[in-house]
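**Q** In our numbering, the protein residues as written are 10 to 509.
Cβ atoms here follow ideal geometry from the backbone N, Cα and C, with glycine treated the same way.
As the structure is a computational prediction, the values presented were derived from the model and not from experiment.
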Amino acid sequence: MAGTWGGVMAKQGGVNYRATQADYFDRRGLKRYAGVFSLWALGVGAVISGDFSGWNLGVGQAGFGGFLLAVGVITLMYVGLCFSIAEMSPALPHTGGAYSFGRTALGPWGGYVTGLAENMEYVITTAVVCYFSAAYLQNVFDTPEAFQPAWWLGLYVIFVGLNILGVEESFRFVVVITLVALGILAVFYVSALPHFAWDNLWNIEPDPGQSRYLPFGWTAAGAALPFAVWLYLAIEQLPLAAEESVDVKRDMPRGLIWGLATLVVTGLLVTFLNMGIGGGAAYYGSQTEEPLLDGLKDTLGVTSGKALGLVAVAGLIASFHAIIYAYGRNIYSLSRAGYFPTWMSLTHGERKTPHVALIWGAVIGYGVLLILHFAGDGGFGGVILNMAVFGAMIAYAMQMVAYLVLKKRFAEIERPYVSPLGSMGAWIALVIALVTLVALFANPDFRQGVIGVALWFLAGLAYFALYARKRMVRSPEEAFALEQQAGRTGGGREDTPPVR
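1. Alpha carbon to alpha carbon, what distance is there between residue 321 and residue 306?
2. What residue does the alpha helix (DSSP H) around residue 196 start on, and which one ends it?
3. Less than 8 Å between the CB atoms is what I'm expecting for residue 328 and residue 57, so what's the real figure, rounded?
4. CB-CB under 8 Å to residue 508, same chain, minus the five flanking residues each way: which ones, in chain order?
5. For residue 323, which option in 494, 355, 113 and 60 has the closest C-alpha, if you only look at C-alpha atoms?
6. For the region 352-361 against the region 373-390, do three or more pairs of beta-carbon atoms, one drawn from each stretch, fall closer than 8 Å, so that the two count as touching?
7. Is it buried or exposed for residue 220, if we count other Cβ within 10 angstroms and need 16 for buried?
8. Please give the ranges of any alpha helix (DSSP H) in the region 371-436, keeping only runs that are unbroken, at least 4 residues long and fully inside the region.
9. Should residue 292 be labelled buried (16 or more other beta-carbon atoms within 10 Å of its own) or exposed?
10. Check residue 503 in the structure and name its three-state DSSP category.
11. Less than 6 Å between C-beta atoms, sequence neighbours within five positions excluded: which residues of the same chain meet that for residue 120?
12. Buried or exposed for residue 130, please, with buried defined as at least 16 other CB atoms from any protein chain shown within 10 angstroms of its CB.
13. So what does DSSP say about residue 311, is it helix, strand or coil?
14. With distances taken Cα to Cα, identify the nearest neighbour of residue 471 among 271, 431, 349 and 433.
15. Quick check on residue 33: does DSSP put it in helix, strand or coil?
16. Would you decide whether residue 418 is buried or exposed? Buried here means 16 or more other CB atoms lie within 10 Å of its CB.
17. The alpha helix (DSSP H) with residue 283 in it runs from where to where?
18. Once you ignore the five residues that flank residue 450 on each side, which residues in its own chain have a CB closer than 8 Å to its CB?
19. Return helix, strand or coil for residue 346, following the three-state DSSP convention.
20. Could you check what DSSP says for residue 17 in three-state terms: helix, strand or coil?
21. Would you call the region 178-198 and the region 26-36 in contact, with 3 or more CB pairs under 8 Å?
22. Roughly how far, in whole angstroms, is the beta-carbon of residue 145 from the beta-carbon of residue 302, given that I think they are within contact range, below 8 Å?
23. Indicate whether at least one CB of chain C lies closer than 7 Å to the CB of residue 333.
24. When the Cα atoms are used, what is the spatial distance from residue 232 to residue 214?
25. Measuring straight from C-alpha to C-alpha, what distance separates residue 258 and residue 425?
26. CB-CB under 8 Å to residue 309, same chain, minus the five flanking residues each way: which ones, in chain order?
27. Alpha carbon to alpha carbon, how far is residue 118 from residue 491? Give it in angstroms, no decimals.
28. The alpha helix (DSSP H) with residue 137 in it runs from where to where?
29. Looking at the secondary structure, which residues open and close the alpha helix (DSSP H) in which residue 88 lies?
30. Roughly how many angstroms lie between the CA atoms of residue 68 and residue 285, to the nearest whole one?
31. What separation, rounded to the nearest whole angstrom, lies between the Cα atoms of residue 441 and residue 79?
32. My understanding is that residue 247 touches residue 54, with C-beta atoms under 8 Å, so please give their C-beta distance in whole angstroms.
33. Do you know offhand how far residue 341's Cα is from residue 141's?
34. Can you tell me where the alpha helix (DSSP H) holding residue 459 begins and where it ends?
35. Enumerate in chain order the residues of its own chain whose CB-to-CB distance from residue 452 is below 7 Å, with the five nearest sequence positions on each side excluded.
36. Within 10 Å of its beta-carbon, does residue 336 have 16 or more other beta-carbons around it, so buried, or fewer, so exposed?
Below you can see the structure in the form of structure tokens.
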């Protein structure tokens with residue numbers, strides 16, 4: 010790309026666009042590699058840790074019956090969400106993903122709110138998965154609680170490094186580790202069947218006046234919603250791989266839908282089988298942060314879980330690696346457009362990976378873990394999980410609003426794939442996401458962490474209002490949105506930069 014665009018700042022859409030150096034995008038290039046199988050593995054791998062840890066705490070909140078209701082509701086949300094995203098992503102094939110959808114449909118503020126929420130979701134989610142991974146490793150190596158920060162640091166260093174190494178190496182690893190994690194789950198399912206007892210699902214002592222099927226009443230299902238989300242959270246990250254996908258129009262919808270179908274099956278199987286063995290819902294619902302590991306001990310008759318722990322941690326590693334990829338591309342795209350400081354979007358000259366974004370996301374995630382570690386008394390897995398869900402629900406709601414607006418006002422955009430659920434699927438996902446967002450604040454057990462992350466979100470909005478919106482760059486996402494706006498208003502396109 011030669012030259013700059015006009016050489017001066019231009020104001021449009023409530024933001025100021027500034028000129029850039031001639032090599033601005035050359036220093037921020039990505040490399041295409043991913044096919045449909047890689048995308049499927051990235052989506053499933055990002056979520057698979059949810060089958061290993063975290064989800065079970067929802068049974069402790071609502072009993073098995075209440076959690077099952079929550080899973081049903083959340084599954085409906087993800088069906089509507091994924092089909093809608095499968096339509097938008099090949100139509101707007103940019104690394105920005107959710108931010109790109111919001112930017113085109115809702116303007117710069119809509120794009121930023123969506124991108125910021127998704128950024129918080131992924132950065133905090135890596136912290137959650139890191140926390141549960143360290144819990145497994147602590148069990149294996151008998152390290153003291155005070156050693157946890159060292160485990161977190163080591164995990165971040167290793168897997169951020171692997172993501173920086175190269176997109177090919179990163180995707181190859183995620184394919185292998187995802188298949189390993191699915192293999193471990195398959196072993197658990199087969200080994201659990203002979204030990205399964207229906208009565209184990211309902212062995213939580215009910216509150217006075219309640220039944221064993223809903224031991225804490227109907228309303229407790231609301232408290233279980235964030236934990237049901239953990240069985241699916243991050244499948245929606247796939248559009249962030251749009252500029253690294255070989256054939257985004259064909260492969261992205263397939264990767265999303267096949268990935269979701271895989272997660273529905275694995276989630277239902279682990280929900281029933283993990284709660285139906287050993288100590289049942291009364292134990293696995295609240296008294297362990299390693300439900301699959303403890304379940305394998307029960308089904309395989311192993312007293313020492315050290316070797317099993319090393320095996321079981323594979324599922325957590327798959328998600329940790331895949332979501333590091335996600336926050337890296339999210340930070341990269343927002344930075345490339347100027348929403349975040351532009352130096353964060355620099356990519357490695359030879360490897361074409363966003364190394365600066367990957368490192369800074371890890372610094373923030375590790376910082377969150379340290380703050381919670383030193384501010385609390387340990388065992389904060391449920392708190393940080395709810396913090397991640399806060400960002401996710403805002404991002405989901407914004408994406409569904411964007412889908413509805415794009416469907417109505419931007420019908421001329423080419424859509425290689427069209428959701429069979431249409432606007433109805435988006436409306437269902439939107440309503441459930443908003444209900445779940447409210448439920449996060451309703452639970453006093455986790456409210457403090459949710460309030461903290463809400464303040465973080467407000468600080469991010471203030472940064473954009475006071476500074477970033479005055480220093481924007483016409484990245485591919487911005488250029489596409491401006492082209493659509495110009496087409497609707499009849500304006501010219503002479504000041505729009507080329508999109509590579």
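**A** On the basis of the coordinates in this document:
1. 11 Å
2. 176-201
3. Indeed they touch by this definition, with Cβ atoms about 6 Å apart.
4. Note that residue 508 has pLDDT 36, beneath the 50 cutoff, so the model's placement of it is unreliable and the number below is only indicative. Counting only Cβ-Cβ distances below 8 Å, and skipping sequence neighbours, we find 485, 488 and 489.
5. 60
6. Short answer: they don't touch.
7. Its Cβ having fewer than 16 others within 10 Å, residue 220 is exposed.
8. 390-418
9. Flag for residue 292 reads buried.
10. Unreliable placement is indicated for residue 503, whose pLDDT of 38 sits below 50; no coordinate value is reported for it.
11. So the list reads 108, 111 and 112, once near-sequence residues are dropped.
12. buried
13. DSSP places residue 311 in coil when its eight states are reduced to three.
14. 349
15. coil
16. exposed
17. 257-284
18. 456, 459 and 460
19. In this structure, DSSP gives residue 346 a state outside helix and strand, which the three-state scheme calls coil.
20. Here residue 17 scores only 49 on pLDDT, less than 50, and its place in the model should not be relied on; the value that follows carries that caveat. Looking at residue 17 - three-state DSSP - the assignment turns out to be coil, as it is neither helix nor strand.
21. Judged by Cβ distances under 8 Å, the region 178-198 makes no contact with the region 26-36, as fewer than three pairs qualify.
22. 6 Å
23. Here chain C cannot be found, since the structure has a single protein chain.
24. 18 Å
25. 6 Å
26. 200 and 317
27. 14 Å
28. 107-150
29. 66-100
30. 12 Å
31. 10 Å
32. Incorrect: roughly 11 Å between the Cβ atoms, too far for contact.
33. 27 Å
34. 456-475
35. Within the same chain, residue 452 has close Cβ partners 232.
36. buried
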